[in-house]
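Numbering (the numbering used here), first residue to last: 78 to 342. Heads up, the beta-carbon is just placed ideally off N, CA and C, and yes, glycines get one too. As the structure is a prediction and not an experimental result, all values here were calculated from the model. Below is one structure; the comments refer to it alone.
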């Protein structure tokens, strides 16, 4: 896959960062797997690491341009953010030694199960109405779940929004608020995961394919994806899309299903 195609797909990662709070991870993982198919089984490991770097930049930028009144809902979540980061460090370390096939099937299985949960269990498509949901300081996740959520998200390269957005929906937040708050939580997971990935030894298959990696990160693919994503994030934060809440929730589920299918061998 050439740089122009990756940049074009980067536009989509910018949309998913702002609209769905994914930070680009759900799109970046299957795209980098395809782009680096020459690495064979190691492509999944490289895709997960590259996804983390893309999420750091995308989620960090999206957080910086999010209105402070929205981010106020995370006030008092310092312990949760710390545990997310600790768990992410562990998950990124496990990725370095786990069989690549395990990471691929875990990604597909987790996303598929999440989509099924959102469809079958009440509270996501039609959340309870709760006045003051934007600024009342409610937690996006119970603090005790911080470490395991961070570990799973970093291992899969997804940033954690697939867990935090449904939780915030069921707490009464609109999709617009839930997806905006997912970006700072994604940043807490992606930063340590990226640090671990950049410090790792490159995969042996990269030598045979003459692919130059920085640790486990495909810097060329990451740069192309970000070149497409960042302008889109800037535009959509200034002029947000006006999507009715219920179709917004359905679109979230639809994207999950699409990504899970795209990752099938």
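- The residue among 292, 233 and 131 with its C-alpha nearest the C-alpha of residue 260 is 131.
- In the displayed model, residue 110 falls within a helix according to three-state DSSP.
- Sequence-distant partners of residue 161 (beyond 5 residues in either direction) whose C-beta falls short of 6 Å from its own C-beta, in its chain, are 223, 227, 265 and 266.
- Minimum Cα-Cα distance from residue 195 among the listed residues 301, 225, 104 and 332 corresponds to 332.
- Assignment of residue 142 by DSSP, reduced to helix, strand and coil, places it in the coil class.
- The closest CA to that of residue 257, considering only 242, 247 and 270, is found on 242.
- About 22 Å separates the CB atoms of residue 141 and residue 127; that is not less than 8 Å, and the two are not in contact.
- Residue 254 is positioned such that its CB atom lies closer than 7 Å to that of residue 147.
- Proximity to residue 271 across 232, 304, 248 and 309 peaks at 232, based on C-alpha coordinates.
- The beta-carbon separation of residue 218 and residue 157, rounded to 6 Å, stays under the 8 Å limit for a contact.
- Counting only the Cα atoms, residue 168 lies some 13 Å from residue 179.
- By alpha-carbon distance to residue 181, the top candidate from 122, 297, 262 and 263 is 122.
- Take residue 311, set aside five residues on each side of it, and the residues of its chain with a beta-carbon closer than 8 Å to its own are 138 and 142, in chain order.
- For residue 154, there is no enclosing alpha helix (DSSP H), as DSSP marks it with neither H nor E.
- Around the beta carbon of residue 86, 16 or more other beta carbons lie within 10 angstroms, which makes this residue buried.
- In the three-state reduction of the DSSP assignment, residue 294 falls in the strand class, which pools E and B.
- Bounds of the alpha helix (DSSP H) holding residue 191 are 177-197.
- Annotation for residue 177: 118, 119, 121 and 122 place their beta carbon closer than 7 Å to its own, counting only its chain and skipping 5 residues before and after.
- Counted as a single uninterrupted DSSP element, the alpha helix (DSSP H) harbouring residue 335 occupies residues 322-339.
- Taking a C-beta distance under 7 Å as the contact criterion, residue 301 and residue 84 qualify as a contact pair.
- Going by beta carbons, residue 252 and residue 325 fall inside the 7 Å limit.
- Distance check between residue 315 and each of 80, 81 and 92 places 92 closest, using alpha-carbon atoms only.
- For residue 316, the secondary structure class from DSSP, reduced to helix, strand or coil, is coil.
- Inclusion of residue 124 and residue 110 in the CB contact set at 7 Å is warranted, their separation being smaller than that value.
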